[in-house]
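Visitor: Here it is, the structure in full.
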Amino acid sequence: MDREIRVGVFGTWRGRAYMKALKMIDGVRVTALCDKMPQRNEEAKALCEGEVAVYDNFDEFIDSGKFDALLLCNYFHEHAQYAIPALERGIHIFSETMAASTMALCVELCRAVEKSGCIYMLGENYPFSRSCLEMKRLYEGGTLGKVLFAEGEYVHPMSPEESWRYNNPEVHGEYHWRRHLPVTYYSSHALAPLIYMTGALPRHVVGMAAPDTEENIKKYKKVKTDAVGVMLVQMDNGAIFRVNGSSNIGPKGNWYRLGCTGGGVETVRGNEKSVRLAYHQWSVPESAEVSKIYEAQWASDADKADKAGHGGGDYWVVKEFIDAIRSGRPNKRLDVYHAVAMSAVAILGWRSVLQQSKRFDIPDFTKESEREKWENDNLTPFPSEDAPNTLPFNSRDAEKAGSEQ
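In terms of this note's numbering, the sequence shown is residues -6 to 398.
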């Protein structure tokens, strides 16, 4: 595809970061914006070049014919609901995480992508930090051997004041997703880089949660009461990945590790641009060191990546999306099947928490026979004005319900 790619952005608060990154890619232009808040639309419009259409109604937005590709930067748990009607109109989709918030939506999203023939890509930016890309390069080089164990952490505590800015019901509403988010759901920043590095897909999950202290629950005015969610995920290559996503503990930071048959590689805590590479003393490649720590470098486009958010990830992930549209080939490790597999880890990992760490199998979403089992599973921890939640969003609620039975 040589012609200009026209892009629409749904959710212009988060979307602005990607809009800035898109300006660094030739042959791409944002031509339409949609957000329910007029001020956010106006602020985003100021970043655009040329004519841009502005909407506050999604149906009018996707029926406008103003764009070829859509960046979904709306609420965390509502991406599939908007991706599906856009796919039905032949629009390519870049979806922020999570891809789908129920198992039924995972199934419906796969079918919609297959029927449309459009490019679908999960907008997961953490695999594209310079250190994670370096870990991918090293693993694919083969000298580390096969991964047997891996760890991914996305730890993001907030001060009481910052937390309240995001969770105040008088500002964001009683049903804002952050107020009811189970601790396993925001896990793709921890899991996706490991999948991107190794190519492994999840097949089984076990989850556990640690409740916050009563003092913190009161201090933060919390509706949700869990502080930590950890999952053990067995992959299709037999490896075990330990995933800790968005926990409210210290210190803040992201950390990734691959433990392999010939050695290992990990990011450096407190210095996320650097990696530590170490081999067994008996299996050091020729001319290599047993162990070293060094700062990872961009393979290309360093000036552009360094200007983008999330350690350069905001640039690389949208560039991958645009490249996929132009080539007609999706990024195989962030396509719809990988996207919904990661969603299923979060969803079923939470059910594991609620059922005393029962092991759940992750469906192979490429197979219709496995998808059919989940097509009517609409259980959700997220309440709305129209319907209550059908799963607890706190582990304590499940324990209480169990004790009353």
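Note that the Cβ used here is the ideal one computed from N, Cα and C, for glycine as well. Since the model is a prediction, treat every value here as computed from it, not as a measurement.
#1: Which of the three DSSP states, helix, strand or coil, is assigned to M30?
#2: Quick one: residues in its chain with C-beta nearer than 6 angstroms to the C-beta of K13, no 5 flanking neighbours on either side, listed in chain order?
#3: In the DSSP assignment, what are the bridge partners of C253?
#4: For L225, does the three-state DSSP call read helix, strand or coil?
#5: Contact defined as beta carbons within less than 8 angstroms: I believe F69 pairs with W6. What is the distance between those atoms, to the nearest angstrom?
#6: Measure the C-alpha to C-alpha separation of L184 and L327 and round it to an integer number of angstroms.
#7: Is it buried or exposed, G305, if we count other Cβ atoms within 10 angstroms and call 16 or more buried?
#8: Can you give the Cα-Cα distance for A232 and T260, rounded to whole angstroms?
#9: I'd like the span of the alpha helix (DSSP H) that includes I86, first residue to last.
#10: Which residues does DSSP list as the beta-bridge partners of R235?
#11: Helix, strand or coil for V277? Go by DSSP, reduced to three states.
#12: Go through the segment 151 to 236 residue by residue and report every complete run of the beta strand (DSSP E) that reaches 3 residues or more, in order.
#13: Taking a contact to mean a Cβ-Cβ separation below 8 angstroms, would you say S94 touches F375 in this structure?
#14: Exposed or buried, P162, counting other C-beta atoms within 10 Å across all chains shown (16 or more means buried)?
#15: Can you name, in chain order, every residue of its own chain whose Cβ lies under 7 angstroms from the Cβ of R389, other than the five neighbours on each side?
#16: Does the contact criterion of 3 or more C-beta pairs under 8 angstroms hold for the segment 48 to 65 versus the segment 289 to 303?
#17: Who are the near neighbours of W309 in its chain, counting only those whose CB is closer than 7 angstroms to its CB and skipping five residues on each side?
#18: Nearest-angstrom Cα distance between A11 and S124?
#19: Taking DSSP's pairing of strands, which residues face S240 in a bridge?
#20: Which of the three DSSP states, helix, strand or coil, is assigned to M114?
#21: Distance check for V199 and T177, CA to CA, integer angstroms please.
#22: Give me the residue from A289, H165 and E(-3) with the minimum Cα distance to L15.
#23: Assuming contact is defined by CB atoms lying nearer than 8 angstroms, are L251 and R235 in contact in what I supplied?
#24: Does the segment 67 to 83 come within contact of the segment 100 to 109, defined as at least 3 CB pairs closer than 8 angstroms?
#25: Go ahead and pull the three-state DSSP assignment for D307.
#26: If I follow the unbroken alpha helix (DSSP H) through F51, where does it start and stop?
#27: For K300, report the span of its alpha helix (DSSP H) as first-last.
#28: Out of curiosity, what's the CA-to-CA distance linking L131 and A62?
#29: From G4 to V338, what does the alpha carbon distance come to, in whole angstroms?
#30: Taking the alpha-carbon positions, what's the A46 to V2 distance?
#31: Return the chain-ordered list of same chain residues with a C-beta closer than 6 angstroms to the C-beta of P175, the five sequence neighbours on each side being excluded.
#32: Which same chain residues, not among the five before or five after L372, have their C-beta less than 6 angstroms away from its C-beta?
#33: Just reading off the beta strand (DSSP E) that I355 is part of, what are its end residues?
#34: Between which two residues does the beta strand (DSSP E) harbouring S284 extend?
#35: Quick check on this structure: which residue in Y168, Y287, A301 and F51 has the alpha carbon closest to the alpha carbon of S377?
#36: Quick one: what does DSSP say A39 is sitting in, helix, strand or coil?
Guide: On the basis of the coordinates in this document:
#1: coil
#2: none
#3: V140
#4: strand
#5: That pair is no contact at about 12 angstroms.
#6: 12 angstroms
#7: buried
#8: 19 angstroms
#9: I86 -> not in any alpha helix (DSSP H); beta strand (DSSP E) instead, spanning H85 to S88.
#10: E144 and L225
#11: coil
#12: 195 to 204 and 219 to 228
#13: yes
#14: exposed
#15: P204 and T218
#16: no
#17: F121 and A298
#18: In the sequence as presented, Ala is not what sits at residue 11; that position holds Tyr. For Y11 and S124, the distance between alpha carbons rounds to 21 angstroms.
#19: V148
#20: strand
#21: 11 angstroms
#22: E(-3)
#23: no
#24: yes
#25: helix
#26: F51 to I55
#27: A295 to K300
#28: 33 angstroms
#29: 25 angstroms
#30: 11 angstroms
#31: W343, P374 and F386
#32: T383 and L384
#33: Where I355 is concerned, there is no enclosing beta strand (DSSP E), given that its DSSP letter is neither H nor E.
#34: S284 to E288
#35: Y168
#36: coil
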